[in-house]
Each structure stands twice: as structure tokens, then as C-alpha cells.
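One structure is given here, and the rest of the page talks about it.
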Amino acid sequence: MKTTQALKLLNQWDSTGRYVYLKRDLRKIIQEPQHTFDATISRLVQAGILERAAHGIYVYALSRHADGNTLDLIARNLRRGEITYESYESALSEFGVISQNLIDRRTYATTGKSGEYHTSYGVAELTHTKLSPAQILPGLIHITGRGVPMATKQLAYQNLKATRRNLSLIDYEELAAHA
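Residue numbering for the sequence shown follows this note's numbering, beginning at 62 and increasing consecutively.
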């Protein structure tokens, strides 16, 4: 596929707000034989039109929608089909329960496998949770414009405690406030 045709397709999807893709998503958009498709993706990456954010995950670099939530979309795509939500230190920092601000990373809980992914949008740290969907879903806050939901402060604390992460940063008065 010519670069101009690919740009047209990616711009159409971008106009709907879609700009983070699994490679298999791009395969459906750019309908070419496998060897031609691989060459097209390589050419789009080399041209700076697509960015390989993680293995099998691409970001449309010319998107009008790329913002601070791009890392959320990458995390969601890394564990597509699993429950993935912002939790642990990231969520607790948002609630003021810990004073530490995570500048270059976000911490996510997932029912999928754990992993740490370094992208140009920051580090996505995904940690497996053993909680069932019935235990997780009532503790999620869906924020408009965010790529993933966020844990309530009680669920984020429960996640942090279950993984035996650093609890010394917790402000227990703030944790109890408005619980």
C-alpha cells in the first residue's frame, strides 16, 4: 500500500479517536498479503507515521488525539481481553493517599500477566491481580476520556497490600477520609 493511502486510512480512524493499535488491528485496516503488509508497516514506522510503542503495539504518530492518556491505551492494548485498570501507587497518588508523584510511569493492575513496558509515553507497569472480576468491577471509577478505569482508593490500597509493595508511603488518615 502506498504511504498516502495508509495515511488516509489512519486519518479516518484517527477522526474517530482511534490511534493505538495491535498489529492485528492494522492487518484488518491495511488489507494486504502478509509479506506486503509487513513491508508497509516497516515503511510507515521508518517514515515516522507509526511508532512501535511495545511489541505488537503501534501508535499513529500523527494523531490529533495523542495526549496524556496514550499510555493508558497502550496498557489496555497490552492486555486486551483482560481487566486492566490504574491502581497501586498511581491511583493512590491521584487520591493524595501517598505524596509521591509518579512522573514517568503509571502502575496498573491486570487480570493478565505482569510486565513492565518502556515507551516514549512513559513506563506502563502492569501487575497481575488475583482478584476476581466480581471483586474488581465494583471498585472501578470510569473517568471520561481515560483509556482505562481507575481503582477507588480502597481497591488501590487492597491491590498494593496484596502485592506487598511499599506501604510506608501511605497516609492512613487520607486513606480513611471520605472512604
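Beta carbons: idealized from backbone N, C-alpha and C, even for Gly.
The structure displayed is predicted, hence computed values, not measured ones.
Assign residue i to buried or exposed, taking buried as 16 or more other Cβ atoms, counted over all protein chains shown, within 10 Å of its Cβ.
i	result
Asp99	exposed
Arg137	buried
Gly78	exposed
Lys214	buried
Tyr233	exposed
Asp128	exposed
Gly200	buried
Asn227	exposed
Pick from the options: whose alpha carbon is nearest that of residue i?
i	options	result
Ala223	Ala238, Asp232, Ile231 and Lys191	Lys191
Glu147	Glu234, Arg141, Leu228 and Glu186	Glu186
Ser76	Arg125, Tyr119, Ile118 and Met62	Arg125
Apart from the five residues on each side of it in sequence, which residues of its chain come closer than 7 Å, Cβ to Cβ, to residue i?
i	result
Leu123	Ile110
Leu83	Gly117, Ile118, Asn138 and Arg141
Ala217	Ser148, Tyr149, Ala152 and Leu153
If contacts are defined as beta-carbon pairs under 8 Å, then residue i and residue j qualify, I think. What distance do you get, rounded to the angstrom?
i	j	result
Val320	Ile135	Any question about residue 320 goes unanswered here, given that the chain covers just 62 to 240.
The beta strand (DSSP E) that contains residue i, what's its start and end?
i	result
Leu228	Premise fails: Leu228 is in no beta strand (DSSP E) and is neither H nor E.
Glu147	Thr145 to Glu147
Does the beta-carbon of residue i, which I'm using as the reference point, lie nearer than 7 Å to any heavy atom of the ligand FAD?
i	result
Ile90	Among the components modelled here there is no ligand, and therefore nothing to report on the ligand FAD.
Hey, quick one: how far does the alpha helix (DSSP H) through residue i stretch, first residue to last?
i	result
His96	Gln95 to Gln107
Ile135	Thr131 to Leu139
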